[in-house]
Amino acid sequence: FQMEKAKKRSSKSDSKKETKEPQQDTAKGENFDNITFINRPITCIATLIKIIFELITSAPGFVLRHYIIFTLFPALVAGFYYIDGPHDEYRQIVTEFSLFAGWWIGLGILSSVGLGTGLHTFVLYLGPYMAQVTMAANNCNKFPVFIPNRWTYEKFGECEKWEGEPTIGILDIYYALALEAFLWGFGTAIGELPPYFVARAASLAGETHEELENQEGMFKKVKDFIEPILKKHAFIVVVLCASIPNPFFDLAGLTCGHFGIPFFTFFGATVIGKALVKVSIQSFFVIIMFSRHIIEKVFTVVASVYAPLEPILRKELEKQQNKLYEGKSSNEEPSLVGQIWGWLVALMIGYFVYAFLTAIVQDRLRT
Numbered sequence: 001f002q003m004e005k006a007k008k009r010s011s012k013s014d015s016k017k018e019t020k021e022p023q024q025d026t027a028k029g030e031n032f033d034n035i036t037f038i039n040r041p042i043t044c045i046a047t048l049i050k051i052i053f054e055l056i057t058s059a060p061g062f063v064l065r066h067y068i069i070f071t072l073f074p075a076l077v078a079g080f081y082y083i084d085g086p087h088d089e090y091r092q093i094v095t096e097f098s099l100f101a102g103w104w105i106g107l108g109i110l111s112s113v114g115l116g117t118g119l120h121t122f123v124l125y126l127g128p129y130m131a132q133v134t135m136a137a138n139n140c141n142k143f144p145v146f147i148p149n150r151w152t153y154e155k156f157g158e159c160e161k162w163e164g165e166p167t168i169g170i171l172d173i174y175y176a177l178a179l180e181a182f183l184w185g186f187g188t189a190i191g192e193l194p195p196y197f198v199a200r201a202a203s204l205a206g207e208t209h210e211e212l213e214n215q216e217g218m219f220k221k222v223k224d225f226i227e228p229i230l231k232k233h234a235f236i237v238v239v240l241c242a243s244i245p246n247p248f249f250d251l252a253g254l255t256c257g258h259f260g261i262p263f264f265t266f267f268g269a270t271v272i273g274k275a276l277v278k279v280s281i282q283s284f285f286v287i288i289m290f291s292r293h294i295i296e297k298v299f300t301v302v303a304s305v306y307a308p309l310e311p312i313l314r315k316e317l318e319k320q321q322n323k324l325y326e327g328k329s330s331n332e333e334p335s336l337v338g339q340i341w342g343w344l345v346a347l348m349i350g351y352f353v354y355a356f357l358t359a360i361v362q363d364r365l366r367t
């Protein structure tokens with residue numbers, strides 16, 4: 001009887017080992033960072049479908065829990081647009097400005113959302129827009145007129161070309177573009193919230209977010225350096241980290257969430273750093289680089305290096321500047337530069353979508 005009892009115990013312990021060993025092998029052998037839609041398409045697609053299904057099934061419950069917001073806000077919008085009153089004359093302005101603000105804030109969110117997978121919308125949209133306005137302001141020696149208006153800009157109003165040295169100041173151009181810059185920067189601050197919330201939720205659950213656990217080399221040194229200072233001077237540290245273009249701000253967001261830095265401290269400091277300081281640095285850089293005297297110096301350098309290239313570049317620049325005043329033409333074929341830029345934008349958007357979906361799938365597989 002005792003021998004049979006011992007056999008049962010040994011068989012139970014063996015079965016426990018068998019069940020534990022595969023889990024350990026899987027945990028040790030599986031590197032989720034290497035799982036992508038290219039090498040594991042079925043796994044990634046199945047996981048993505050599962051995530052979408054969970055979002056769809058959880059949506060009704062989310063709406064019911066926040067029914068006040070989901071009923072009050074649509075009612076206010078419907079009343080504003082469909083009930084006549086003294087606000088009628090402001091409908092078009094509010095609509096145009098809302099689309100204008102939503103466009104720049106949305107581009108800002110896309111620029112910073114995700115851990116290193118953001119779409120570089122400053123380079124693709126805000127930077128070129130500032131360059132266009134700067135060149136137009138230098139040509140007219142005044143801030144250009146937007147047609148039909150600033151919120152639905154299609155082209156610049158015609159003006160007499162200023163032949164002499166422009167007297168319009170860099171600060172004048174910056175102040176004129178400050179609204180677009182702030183909205184874009186505010187969007188980048190919103191895009192930094194997911195890492196903060198993920199790390200905060202993991203910390204409240206008694207866990208450590210894997211991005212913090214896996215930091216090695218320079219990232220780990222930066223994390224170890226920031227942690228003690230962050231606990232004492234959270235607001236100042238976040239403002240400094242957000243103000244300087246660097247690849248470590250996602251780590252700062254994760255660290256703030258992990259150590260329970262209050263939301264308004266983190267978000268307020270992020271808005272100041274990104275929407276006021278950092279975007280101003282970027283704006284001044286673009287405005288200075290595309291001012292007429294800088295462009296003339298570039299042409300001088302090009303002419304000294306390879307003279308035949310200088311008139312070609314000057315002609316192309318004049319052609320692009322003329323388009324700013326003529327607006328978009330449906331009959332005109334896009335230039336080679338325009339075609340290349342369009343393909344570049346499409347490729348970057350495609351990469352962003354791929355990287356973002358891959359990051360979502362990998363994060364789900366880790367859990």
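Here full-length UniProt numbering is used: the first residue of the sequence shown is 1, the next is one more, and so on.
No residue lacks a Cβ here, since even glycine has one placed at the ideal position from N, Cα and C.
If you draw a straight line from the alpha carbon of residue i to that of residue j, how long is it in whole angstroms?
{"i": "Pro-275", "j": "Pro-308", "result": "In the sequence on display, residue 275 carries Ala and not Pro. The alpha-carbon atoms of Ala-275 and Pro-308 are separated by roughly 42 Å."}
{"i": "Ala-142", "j": "Pro-311", "result": "According to the sequence as given, residue 142 is Lys; it is not Ala. Their Cα atoms are separated by approximately 26 Å."}
{"i": "Ser-330", "j": "Pro-60", "result": "With a pLDDT of 43 at Ser-330, under the threshold of 50, the predicted position of this residue should be treated as unreliable, though the coordinate-derived value follows. The alpha-carbon atoms of Ser-330 and Pro-60 are separated by roughly 44 Å."}
{"i": "Ile-45", "j": "Leu-204", "result": "31 Å"}
{"i": "Asp-224", "j": "Val-279", "result": "28 Å"}
{"i": "Leu-193", "j": "Glu-296", "result": "42 Å"}
{"i": "Phe-365", "j": "Cys-241", "result": "Reading the sequence as shown, one finds Leu at residue 365 and not Phe. In a straight line, the C-alpha of Leu-365 is about 30 Å away from that of Cys-241."}
{"i": "Gln-282", "j": "Phe-73", "result": "36 Å"}
{"i": "residue 371", "j": "Cys-140", "result": "Absent from the model: residue 371. The displayed extent of the chain is 1 to 367, so no value can be given."}
{"i": "Tyr-351", "j": "Leu-357", "result": "10 Å"}
{"i": "Leu-179", "j": "Thr-188", "result": "14 Å"}
{"i": "Asn-149", "j": "Val-301", "result": "38 Å"}
{"i": "Phe-290", "j": "Leu-183", "result": "22 Å"}
{"i": "Ile-105", "j": "Thr-43", "result": "34 Å"}
{"i": "Phe-62", "j": "Phe-53", "result": "14 Å"}
{"i": "Val-239", "j": "Ala-252", "result": "11 Å"}
{"i": "Ser-98", "j": "Ala-355", "result": "29 Å"}
{"i": "Glu-227", "j": "Val-237", "result": "10 Å"}
{"i": "Thr-367", "j": "Phe-249", "result": "24 Å"}
{"i": "Ala-202", "j": "Ile-294", "result": "50 Å"}
{"i": "His-233", "j": "Thr-152", "result": "43 Å"}
{"i": "Phe-100", "j": "Asp-33", "result": "38 Å"}
{"i": "Phe-299", "j": "Gly-127", "result": "21 Å"}
{"i": "Thr-255", "j": "Ile-261", "result": "9 Å"}
{"i": "Phe-37", "j": "Ile-288", "result": "42 Å"}
{"i": "Leu-76", "j": "Phe-70", "result": "11 Å"}
{"i": "residue 429", "j": "Phe-235", "result": "Nothing in the structure corresponds to residue 429, since the chain is present only between 1 and 367."}
{"i": "Ile-49", "j": "Asn-31", "result": "21 Å"}
{"i": "Leu-177", "j": "Asn-39", "result": "45 Å"}
{"i": "His-66", "j": "Ser-58", "result": "13 Å"}
{"i": "Leu-317", "j": "Leu-344", "result": "20 Å"}
{"i": "Glu-96", "j": "Gln-339", "result": "29 Å"}
{"i": "Glu-158", "j": "Leu-64", "result": "53 Å"}
{"i": "residue 407", "j": "Trp-103", "result": "Since the first and last residues shown for the chain are 1 and 367, residue 407 lies out of range."}
Residue i and residue j look like a contact to me (Cβ under 8 Å); what is the Cβ gap, rounded to whole Å?
{"i": "Ser-243", "j": "Gly-273", "result": "4 Å"}
{"i": "Ile-51", "j": "Ile-360", "result": "7 Å"}
{"i": "Ile-35", "j": "Gln-362", "result": "6 Å"}
{"i": "Met-130", "j": "Val-277", "result": "In fact, because the Cβ distance is near 17 Å, the residues do not count as touching under 8 Å."}
{"i": "Leu-230", "j": "Phe-259", "result": "6 Å"}
{"i": "Phe-284", "j": "Ile-170", "result": "7 Å"}
{"i": "Ile-168", "j": "Val-133", "result": "Rounded, the Cβ-Cβ distance is 11 Å, inconsistent with contact."}
{"i": "Val-94", "j": "Gly-191", "result": "Not a contact, Cβ separation roughly 25 Å."}
Once you ignore the five residues that flank residue i on each side, which residues in its own chain have a CB closer than 6 Å to its CB?
{"i": "Gly-29", "result": "Confidence at Gly-29 is low in this model, with a pLDDT of 47, below 50, so the placement of that residue should be treated as unreliable; the coordinate-derived value is given next. Result list for Gly-29: empty, nothing under 6 Å."}
{"i": "Gly-257", "result": "Tyr-196, Ala-199, Arg-200"}
{"i": "Arg-292", "result": "Asn-138, Pro-166"}
{"i": "Ala-181", "result": "Val-279, Ser-283"}
Once you ignore the five residues that flank residue i on each side, which residues in its own chain have a CB closer than 7 Å to its CB?
{"i": "Val-305", "result": "none"}
{"i": "Thr-47", "result": "Val-361, Arg-364, Leu-365"}
{"i": "Val-271", "result": "Phe-186, Ala-189"}
Is residue i near the ligand MG, in the sense that its beta carbon is under 6 Å from a heavy atom of that ligand?
{"i": "Arg-65", "result": "No copy of the ligand MG occurs in the structure displayed, which carries no ligand at all."}
Using a Cβ-Cβ cutoff of less than 8 Å, which residues in the same chain neighbour residue i once the five nearest sequence positions on both sides are dropped?
{"i": "Glu-89", "result": "none"}
{"i": "Leu-313", "result": "Phe-299, Val-302"}
{"i": "Ser-111", "result": "Gly-118, Leu-119, His-120, Thr-121, Phe-122, Trp-184, Gly-187, Thr-188, Gly-191"}
Practice task
Evaluate the contact criterion for the segment 162-180 versus the segment 81-94: three or more CB pairs, one atom per stretch, below 8 Å.
Solution key: Three or more Cβ pairs closer than 8 Å define a contact, and the segment 162-180 falls short of that threshold against the segment 81-94.
Exercise for the section: Just list the alpha helix (DSSP H) runs in the segment 72-126, keeping only unbroken ones of 4 residues or longer that don't cross its boundaries, in chain order. Expected result: Entirely contained in the segment 72-126, the alpha helix (DSSP H) runs reaching 4 residues are, in chain order, 91-112.
Practice task
Quick one: which unbroken alpha helix (DSSP H) runs of 4-plus residues sit fully inside the segment 256-287? Chain order, please.
Solution key: 263-271
Handout entry: Completely contained alpha helix (DSSP H) runs for the segment 122-168, where each covers 4 or more residues
Key = 127-140
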